[in-house]
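In what follows, a single structure is set out as structure tokens and then discussed.
Protein chains: 2
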Amino acid sequence: MRRALADPDIEKRSEGPVPETFDPALEKLVEDIIGKVADKWTMLVIETLEENGTLRFTQLGKTVSGISQKMLTQTLRRMEEDGLVRRTVHPVIPPHVDYALTPLGRSLGKAFCGVWIWAEKHHDEIRRARAMFKAKG
Amino acid sequence: MRRALADPDIEKRSEGPVPETFDPALEKLVEDIIGKVADKWTMLVIETLEENGTLRFTQLGKTVSGISQKMLTQTLRRMEEDGLVRRTVHPVIPPHVDYALTPLGRSLGKAFCGVWIWAEKHHDEIRRARAMFKAKG
DNA sequence: ACAGACACTCTCCTTTTGGTGTGTATAAAT
DNA sequence: ATTTATACACACCAAAAGGAGAGTGTCTGT
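Next up, the structure:
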């Protein structure tokens, strides 16, 4: 993926993860999506909803450790816009709104799973790498 | 993963991606790692190095579309610190430095692959969701 | 009459992020 | 003597991210 390089001896020996069609607009969209879904809060919200099923706003706020109200609202809105969560408003008083993952959101959760597992699996290796780096530079 | 919820009827029906030990410090480390590796530039650099193998600084700059020199240096340093890339300095003049993925970096690339594939696979669905959201709100 | 619950919104402020442009060391080439 | 190439570092500045806290509407409970 991604063209370029003025240098001739690079190129080929590629084998990108996905068979590409090299549409620059689509590429931009995909990068945009990646930029959004790879957001820390998005990932944590997905994880929380995966584990707990449907949750209300304040419950989410308590569960996603360290998130501010503002960020929670913002994250949820964007996720709703992208079709990752379904927002259900029950018109009662006091207000009752709950959030659940859509199938799309759940599929993203699975895709992320690989990264979580990677992090859990390799954190030791990373800590050692950091120590080495600090020690020798 | 992650405790809490004052609500009793939540809890259980969990089944997190990874068998946890609930060490809060480790959890923080993992979140920190996620926060760093899920960075846009990190992902793009990994992808570029995966496709092209060893590259020099300026080649990377040209290949990773839109990255500034500053961000490239910064990203590479952090990746080096975390053991994702190996930085090799050839003491010649003019300077020659090249970068390659470590096995750890390559394994992260594979983990990310799932997210890339997800994005490529579902971008249509997302576009439709966005259109719907704009239309009805 | 007043407080409380809920799901926000709005404003203010600080921190972080990231771009641009300039400087540097050194030797070879012009 | 000047230019070129390389891999940055550093300083300055604009924009974006994100936290804190107050406000809002409406009904219920005291």
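First to last, the protein sequences are chains A and B. With positions in the first sequence counted from 1, the corresponding number in our numbering is that position plus 2. With positions in the second sequence counted from 1, the corresponding number in our numbering is that position plus 2. We put the beta carbon where it would ideally sit given N, CA and C, even for glycine.
Original post:
Using 8 Å as the limit for Cβ to Cβ distance, is ALA131/B near chain A?
Top reply: For the purposes of this step, residue 131/B is taken as residue 129 along the second sequence, with counting starting at 1. So, interface residue.
**OP:** Evaluate VAL32/A with the Cβ neighbour count: other Cβ atoms within 10 Å of its Cβ, from every protein chain shown; 16 or more gives buried, anything less gives exposed.
**Re:** Stepping through the first sequence from its first residue, residue 32/A is reached at position 30. Classification for VAL32/A: buried.
**OP:** Pick out whichever of THR44/A, ALA131/A, ASP126/A and PHE59/A has its Cα sitting closest to the Cα of HIS98/A.
**Re:** Residue 98/A sits at position 96 when you count from the first residue of the first sequence. Nearest option by C-alpha distance: PHE59/A.
**OP:** May I have the straight-line CA-CA distance separating LEU86/B from GLY107/B, to the nearest angstrom?
**Re:** Stepping through the second sequence from its first residue, residue 86/B is reached at position 84. Stepping through the second sequence from its first residue, residue 107/B is reached at position 105. The straight-line gap from Cα to Cα measures roughly 4 Å.
**OP:** Specify the secondary structure class of GLU127/B as computed by DSSP and reduced to three states.
**Re:** By one-based count along the second sequence, residue 127/B stands at place 125. DSSP places GLU127/B in helix when its eight states are reduced to three.
Original post:
Does the Cβ-Cβ distance between THR56/A and ASP84/A come in under 8 Å?
Top reply: Locating residue 56/A in the first sequence gives position 54, where the first residue counts as 1. Locating residue 84/A in the first sequence gives position 82, where the first residue counts as 1. Cβ atoms of THR56/A and ASP84/A: not closer than 8 Å.
Original post:
Which residues, in order along the stretch 97-130 of chain B, keep a beta-carbon less than 9 Å from a beta-carbon of chain A?
Top reply: THR104, LEU106, SER109, LEU110, GLY111, LYS112, ALA113, PHE114, CYS115, GLY116, VAL117, TRP118, ILE119, TRP120, ALA121, GLU122, LYS123, HIS124, HIS125, GLU127, ILE128, ARG129 and ARG130
Subject >> Whole-number beta carbon distance between MET81/A and ALA40/B, since they are thought to touch under 8 Å >> reply: Residue numbering aside, residue 40/B sits at position 38 when the second sequence is read from its first letter. Residue numbering aside, residue 81/A sits at position 79 when the first sequence is read from its first letter. That belief does not hold up - the Cβ atoms of ALA40/B and MET81/A are roughly 16 Å apart, past 8 Å.
Original post:
Looking at the C-beta of ILE48/B, does it have a partner C-beta in chain A at a distance below 8 Å?
Top reply: For the purposes of this step, residue 48/B is taken as the residue at position 46 of the second sequence. It does not; no Cβ of chain A falls within 8 Å.
**OP:** Using a Cβ-Cβ cut-off of 8 Å, state whether VAL2/B counts as contacting chain A.
**Re:** With chain B represented from 3 up to 139, any question about residue 2/B goes unanswered, as that position is not in the structure.
**OP:** Measure the CB-CB distance between THR50/B and VAL66/B and report whether it falls below 8 Å.
**Re:** Walking along the second sequence from the start, residue 50/B turns up at place 48. Walking along the second sequence from the start, residue 66/B turns up at place 64. In this structure, VAL66/B lies closer than 8 Å to THR50/B by Cβ.
Original post:
Quick one: what does DSSP say ALA113/B is sitting in, helix, strand or coil?
Top reply: On the second sequence, residue 113/B is found 111 positions in, with the first residue counted as 1. Residue state, collapsed to three classes: helix.
**OP:** Measure from the alpha carbon of GLU53/A to the alpha carbon of each residue in LYS112/A, PRO96/A, MET73/A and LYS136/A, then state which is nearest.
**Re:** Walking along the first sequence from the start, residue 53/A turns up at place 51. With distances taken between Cα atoms, GLU53/A lies closest to LYS112/A.
Original post:
Based on the DSSP output, what are the partners of VAL47/A in its beta bridges?
Top reply: Position 45 of the first sequence holds residue 47/A. DSSP, once it has assigned bridges, lists no residue as partnering VAL47/A.
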